[in-house]
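What follows is a set of notes on a single structure, which appears directly below.
Number of protein chains: 2
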Amino acid sequence: MTVRKFRQLGLIGCGLMGGSFALALKKADLVDRVIGYSASHRTRTRALELGVIDAIADSAAAAASGSDLVLLAVPVGATPGTLQAIAGHLSLATLLMDVGSTKSDVVAAARANLNERLPCFVPAHPITGKEVAGVEHAEASLYDNCLSIITPIESCGADQLVAARELWQRLGCRLHEMSPESHDDAFALVSHLPHLLAFAYVNGLAGQPANRDYLSLAGPGFRDFSRIAASDPAIWRDILLANRTEVLKHASHFRAALLQLEQSLQQDDGEALRLLIEHASQTRGAWSPGGLPQDV
Amino acid sequence: MTVRKFRQLGLIGCGLMGGSFALALKKADLVDRVIGYSASHRTRTRALELGVIDAIADSAAAAASGSDLVLLAVPVGATPGTLQAIAGHLSLATLLMDVGSTKSDVVAAARANLNERLPCFVPAHPITGKEVAGVEHAEASLYDNCLSIITPIESCGADQLVAARELWQRLGCRLHEMSPESHDDAFALVSHLPHLLAFAYVNGLAGQPANRDYLSLAGPGFRDFSRIAASDPAIWRDILLANRTEVLKHASHFRAALLQLEQSLQQDDGEALRLLIEHASQTRGAWSPGGLPQDV
Chain A
31 MTVRKFRQLG
41 LIGCGLMGGS
51 FALALKKADL
61 VDRVIGYSAS
71 HRTRTRALEL
81 GVIDAIADSA
91 AAAASGSDLV
101 LLAVPVGATP
111 GTLQAIAGHL
121 SLATLLMDVG
131 STKSDVVAAA
141 RANLNERLPC
151 FVPAHPITGK
161 EVAGVEHAEA
171 SLYDNCLSII
181 TPIESCGADQ
191 LVAARELWQR
201 LGCRLHEMSP
211 ESHDDAFALV
221 SHLPHLLAFA
231 YVNGLAGQPA
241 NRDYLSLAGP
251 GFRDFSRIAA
261 SDPAIWRDIL
271 LANRTEVLKH
281 ASHFRAALLQ
291 LEQSLQQDDG
301 EALRLLIEHA
311 SQTRGAWSPG
321 GLPQDV
Chain B
31 MTVRKFRQLG
41 LIGCGLMGGS
51 FALALKKADL
61 VDRVIGYSAS
71 HRTRTRALEL
81 GVIDAIADSA
91 AAAASGSDLV
101 LLAVPVGATP
111 GTLQAIAGHL
121 SLATLLMDVG
131 STKSDVVAAA
141 RANLNERLPC
151 FVPAHPITGK
161 EVAGVEHAEA
171 SLYDNCLSII
181 TPIESCGADQ
191 LVAARELWQR
201 LGCRLHEMSP
211 ESHDDAFALV
221 SHLPHLLAFA
231 YVNGLAGQPA
241 NRDYLSLAGP
251 GFRDFSRIAA
261 SDPAIWRDIL
271 LANRTEVLKH
281 ASHFRAALLQ
291 LEQSLQQDDG
301 EALRLLIEHA
311 SQTRGAWSPG
321 GLPQDV
């Protein structure tokens with residue numbers, strides 16, 4: 031396979047995801063030069079100091095100008111404004127991708143803002159991450175062996191789609207393609223809803239008078255169940271809002287399932303309770319990770 | 031410190047928790063002989079073959095007879111019947127403990143069944159365990175460095191209480207004492223409610239038509255959040271039923287906290303949503319395990 035090497039990556043958002051992408055591209059010798067922009071002055075300066083980027087752009091548009099690869103690695107909520115800012119600065123042959131956790135909203139923002147540059151855009155969601163955010167934690171190995179999801183739309187340029195597939199595979203990712211709508215429904219269920227429930231659980235707990243004493247007794251069950259409740263508030267506000275229709279739909283299914291369990295408890299119906307737990311236990315027991323080594 | 035060595039452990043329930051207790055006692059040279067009973071013929075035979083016990087008792091009463099230490103390691107629901115069966119077979123100086131995940135119900139069962147042998151009983155809950163059940167998985171190290179909770183009641187014999195404290199510490203446990211009621215309220219919140227929510231989440235997910243496809247996309251967030259949903263149905267039926275008042279109370283607090291999050295989503299109120307997530311994120315971010323190396 032002839033591997034395309036990019037002349038310049040325009041990185042918009044030099045945090046953990048974007049910074050790691052730049053490092054991975056450099057390590058795989060897939061890019062000559064990285065020019066980066068972050069809204070935060072500190073972040074873009076640190077990215078330069080750390081060798082994550084080779085030059086600082088003073089705007090998203092400046093990062094996009096003259097780049098044959100542009101990666102959008104900003105919180106989902108900042109995507110529409112960024113797309114609008116760069117639309118007039120993309121070349122016809124540029125591959126533009128994002129790494130957002132929701133896809134329908136990003137696709138809608140692309141359709142609304144990219145105009146004749148819409149073919150440049152291939153929506154992507156690499157399933158990776160870390161507990162900690164920020165360019166300081168960026169590392170070339172973040173995308174190693176992860177699942178990367180592409181949600182092609184009919185407007186995707188043929189060359190861009192081929193280049194996107196090749197790029198993620200060259201970074202060591204397994205590739206999966208699905209529609210933006212299926213993606214958002216799936217991740218509402220397997221990622222966004224668990225976050226919502228973990229936030230609710232910890233907030234309910236925090237409201238208890240004895241919560242400090244009780245927390246000192248908590249063990250590994252608590253640790254694992256509540257781990258994702260420590261996630262970044264701004265990032266998760268954006269994800270949950272962007273995908274709220276699907277998240278609320280799955281939350282209502284969860285409520286119904288919880289009610290069944292509560293009713294069996296209220297009615298002291300041990301056999302009904304056991305069957306409900308057995309259903310959950312067998313479903314979860316049969317699951318094994320699809321080789322996803324990093325965080326959603 | 032003079033360490034008391036027990037002449038005979040009467041082990042009632044030779045599964046993971048009971049079997050590991052016997053092995054740990056032997057390893058610490060705290061017992062001369064272990065006689066064991068399990069309702070399952072296969073379990074007691076395997077326990078003998080594996081050297082977990084030195085002799086098989088053909089009933090719970092026979093395991094208690096002549097033992098100066100008796101450990102009840104049966105599902106919580108089997109406790110009342112077992113206590114009734116052994117009450118007439120305990121010596122005055124015997125130390126009787128359980129390892130159940132709920133304490134108020136066990137204390138009530140002891141009060142109702144032990145009669146003049148009630149002073150023998152010191153309720154205990156070592157915070158340890160494994161994903162897998164059964165005597166085959168028993169190991170002497172299961173109690174190493176774990177937190178062991180004792181919930182003394184006014185009827186506890188002074189000698190028994192001293193012996194119980196010494197025993198858990200000699201097994202390498204950190205000791206914590208609290209009332210049965212506080213114990214059950216605390217564990218309803220930090221252990222039983224998370225299990226209930228994880229069961230509900232997985233059952234809600236299992237009801238979705240595309241759940242098989244979606245599960246193949248699930249990553250570490252899902253893995254950790256849902257891990258406890260794979261727990262043993264009979265054991266968790268008993269725990270949730272035994273502690274249902276506290277569990278249902280905390281479940282209602284959880285529902286209120288979830289409703290707040292859902293409402294901020296429905297109202298598209300990003301700032302309210304961010305504040306709710308931030309509250310959870312800070313609470314969970316500030317938590318660190320109290321050195322509990324094993325599962326609740």
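For the record, the sequence lines run as chains A and B. The opening residue of the first sequence carries number 31 in the numbering used here; numbering runs sequentially from there. The opening residue of the second sequence carries number 31 in the numbering used here; numbering runs sequentially from there. Quick reminder that beta carbons are idealized off the backbone N, C-alpha and C, glycines included.
1) Indicate the three-state DSSP secondary structure (helix, strand or coil) for residue 228 of chain B in the structure shown.
2) Please tell me whether residue 117 of chain A and residue 315 of chain B are closer than 7 Å, where the distance is taken between their beta carbons.
3) In the region 200 to 264 of chain A, which residue ranges form an unbroken beta strand (DSSP E) of at least 3 residues, counting only runs that do not cross its ends?
4) Just how far apart, CA to CA, sit residue 50 of chain A and residue 309 of chain A?
5) How far does the beta strand (DSSP E) with residue 40 of chain B in it reach, from first residue to last?
6) Is it buried or exposed, residue 132 of chain A, if we count other Cβ atoms within 10 angstroms and call 16 or more buried?
7) Look up residue 136 of chain A in the DSSP assignment and say whether it is helix, strand or coil.
8) Which of the residues in the region 235 to 248 of chain A, read from start to end, lie with their CB under 9 Å from any CB of chain B?
9) Going along the chain, which residues of its own chain have a beta-carbon closer than 7 Å to the beta-carbon of residue 145 of chain B, five neighbours each way excluded?
10) Hey, does residue 313 of chain A have any beta-carbon neighbour from chain B nearer than 7 Å?
11) Which bits of chain A does residue 266 of chain B rub up against, with CB to CB less than 7 Å?
12) Does the distance from the C-beta atom of residue 186 of chain B to that of residue 203 of chain B stay below 7 Å?
13) Residue 196 of chain A touches chain B at which residues, Cβ-Cβ below 9 Å?
14) Please list the terminal residues of the continuous beta strand (DSSP E) segment that includes residue 63 of chain A.
15) Residue 178 of chain A lies in the beta strand (DSSP E); which residues open and close that run?
16) Within the continuous beta strand (DSSP E) that includes residue 307 of chain B, where are the two ends?
17) Find the nearest neighbour of residue 209 of chain B within the set B:227, B:180 and B:226, judged by alpha-carbon distance.
18) Kindly list, in the order they appear in chain B, the residues whose Cβ is closer than 9 Å to that of residue 62 of chain A.
19) Let me make sure I understand the geometry here. Which of A:103, A:205, A:63 and A:150 has the alpha-carbon closest to that of residue 73 of chain A?
20) Report the neighbours of residue 67 of chain A on chain B: residues whose CB is nearer than 9 Å to its CB, in chain order.
21) Strictly under 7 Å for the Cβ-Cβ distance: is residue 128 of chain A near chain B by that measure?
22) Do the region 37 to 44 of chain B and the region 93 to 108 of chain B make contact, defined as three or more Cβ pairs closer than 8 Å?
23) Taking the alpha-carbon positions, what's the residue 325 of chain B to residue 160 of chain B distance?
24) Determine the chain B residues that contact residue 199 of chain A at a beta-carbon separation under 9 Å, and present them in chain order.
25) Just the C-alpha distance for residue 126 of chain A and residue 115 of chain A, rounded to the nearest angstrom, thanks.
Put simply:
1) For residue 228 of chain B, the secondary structure class from DSSP, reduced to helix, strand or coil, is helix.
2) No, these two residues do not count as a Cβ contact at 7 Å.
3) Segments of the beta strand (DSSP E) lying fully in the region 200 to 264 of chain A: 204 to 207.
4) Our two residues, residue 50 of chain A and residue 309 of chain A, have alpha carbons roughly 40 Å apart in a direct line.
5) If you look at residue 40 of chain B, you'll find it in the beta strand (DSSP E) that goes 36 to 42.
6) So residue 132 of chain A ends up on the buried side.
7) In the structure shown, residue 136 of chain A adopts helical secondary structure according to DSSP, grouped into three states.
8) Answer set for the region 235 to 248 of chain A: 235, 236, 237, 238, 240, 241, 243, 244, 245, 246, 247 and 248.
9) Excluding sequence neighbours, residue 145 of chain B sits near 117.
10) Yes, contact with chain B.
11) At a beta-carbon threshold of 7 Å, the residues of chain A lying near residue 266 of chain B are 307, ordered along the chain.
12) No, the Cβ-Cβ distance between residue 186 of chain B and residue 203 of chain B is not below 7 Å.
13) Under the 9 Å cutoff, chain B gives no residues; its nearest Cβ is about 22 Å from residue 196 of chain A.
14) Where residue 63 of chain A is concerned, the enclosing beta strand (DSSP E) starts and stops at 61 to 67.
15) Judged by DSSP secondary structure, residue 178 of chain A falls within the beta strand (DSSP E) whose first and last residues are 177 to 180.
16) Not the beta strand (DSSP E): residue 307 of chain B falls in the alpha helix (DSSP H), residues 300 to 315.
17) Cα-wise, what sits closest to residue 209 of chain B is B:180.
18) Within chain B, no residue comes near residue 62 of chain A; the closest Cβ sits about 32 Å away, beyond 9 Å.
19) The option with the nearest alpha carbon to residue 73 of chain A is A:103.
20) Near residue 67 of chain A there are no residues of chain B at all, since even the closest Cβ is about 24 Å away, more than 9 Å.
21) Chain B contact via Cβ: absent.
22) Verdict: yes, contact present.
23) Note that residue 325 of chain B has pLDDT 37, beneath the 50 cutoff, so the model's placement of it is unreliable and the number below is only indicative. So the two alpha carbons sit approximately 6 Å from each other.
24) Those within 9 Å of residue 199 of chain A in chain B number zero; the least Cβ separation is about 18 Å.
25) Those two C-alpha atoms are separated by around 13 Å.
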